[in-house]
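Heads up, the thing below is written out as C-alpha cells.
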Amino acid sequence: GLVVFLVSALSLGPFLALNQLPQVFSRLFPFKRGLCHAYWAPNFWALYNALDKVLSVIGPRGFLRCLTLCALSSFMFGWHVHEKAILLAILPMSLLSVGKAGDASIFLILTTTGHYSLFPLLFTAPELPIKILLMLLFTIYSISSLKTLFRKEKPLFNWMETFYLLGLGPLEVCCEFVFPFTSWKVKYPFIPLLLTSVYCAVGVTYAWFKLYVSVLIDSAIGKTKKQ
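Mapped onto mature numbering (1 follows the signal peptide of the UniProt record, and there is no 0), the consecutive letters of the sequence shown carry residue numbers -17 to -1, 1 to 210.
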C-alpha cells in the first residue's frame, strides 16, 4: 500500500501543486465532451456513429427501401437461391406498398409473380385447387385494396404489365391441364418447370429494376430538397 501511495503522490503531486488535478480528471473521464468527437477508436462506437449518420440521411422509409432492394438483389444474383427466398423481398415490400402508388405497382407485380413461382413446390393433385384459390383471393384483394387506396393516382399497371400478369393464367392452364396429356410429358417432363421459372424471372427482374430506379430517384430528390 505504501508503494502505491508513493507512486501516486509522485505522479499526481505536481498537478496537485499547480491546481491542475481537475484538468487531469476531466481528461481521464471526459463525460462533458459527449460520446462523439473528431476521431474515434475503431470499436463499436465508430460503427454506431457511422450508422447513425447514414440513418439520419436516408430516413426510415429509405432504409426499408434499401433493405427490400438488398433482399431482392440477393435473390436475383445469389448462388443456388431457393424459390422461397423471394418471400424475404415480398414481406418488406408489402410495407412500402401502402406509401406510394409506384411502390404499390412494384409490390403487386413482385408478389403475384413471386407467389406463382412457388406453385411447383405444391405439386400434388389435392393441392392444386387450394393453391390456385388462395393466390386468386390474395391477389384480387391486394389489387382492389391498393387501387382503392390510390384511386386518385394514375393506374397501378400499364398495358404491358397488365398483359404480363394476365399471362400467368394461360401459363397455369398449359402447365397443369394441357401438358400432362401431351406426348412430351414422358420425354420432356421438366418443360412446365422451365416455363414457370423463365416466365416468372421476367416479372421478378422487372420488379427489381423498377425498385432499383425508384431508390436512385428518391435519393436524387432528397438531395435536391436539401439544397
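Even glycine gets a Cβ: it sits at the ideal position worked out from N, Cα and C. Since we're looking at a predicted model, the values are computed, not measured.
- Message: Restricting to Cα atoms, I'd like to know which of 110, 76, 52 is closest to residue 94.
- Response: Per the Cα distances, 76.
- Within 10 angstroms of the Cβ of residue 134, are there 16 or more other Cβ atoms? Answer buried if so, exposed if not. Exposed, since its Cβ has fewer than 16 Cβ neighbours within 10 Å.
- Is residue 62 helix, strand or coil by DSSP? Of the three classes helix, strand and coil, the one that applies to residue 62 here is coil, per DSSP.
- Evaluate residue 186 with the Cβ neighbour count: other Cβ atoms within 10 Å of its Cβ, from every protein chain shown; 16 or more gives buried, anything less gives exposed. The residue in question, residue 186, is buried, as its Cβ has 16 or more Cβ neighbours within 10 Å.
- Task: Inspect the CB distances between the stretch 111 to 122 and the stretch 85 to 100 and report whether three or more fall short of 8 Å.
- Result: Touching, per the Cβ criterion.
- Starting from residue 123 and walking both ways along the alpha helix (DSSP H), at which residues does that stretch end? Here the alpha helix (DSSP H) through residue 123 covers 110 to 132.
- Message: Suppose the cutoff is 8 Å on Cβ atoms and the five residues either side in sequence are ignored; what does the same chain contact list for residue 139 look like?
- Response: Result list for residue 139: 84, 87, 88, 91, 126, 129, 130, 133, in chain order.
- Can we say the stretch 97 to 109 touches the stretch 60 to 67, given the rule of at least three CB pairs closer than 8 Å? Flag = yes, the stretch 97 to 109 and the stretch 60 to 67 touch.
- Span separating the alpha-carbon of residue 6 from that of residue 36: Rounded to the nearest angstrom, the two C-alpha atoms are 31 Å apart.
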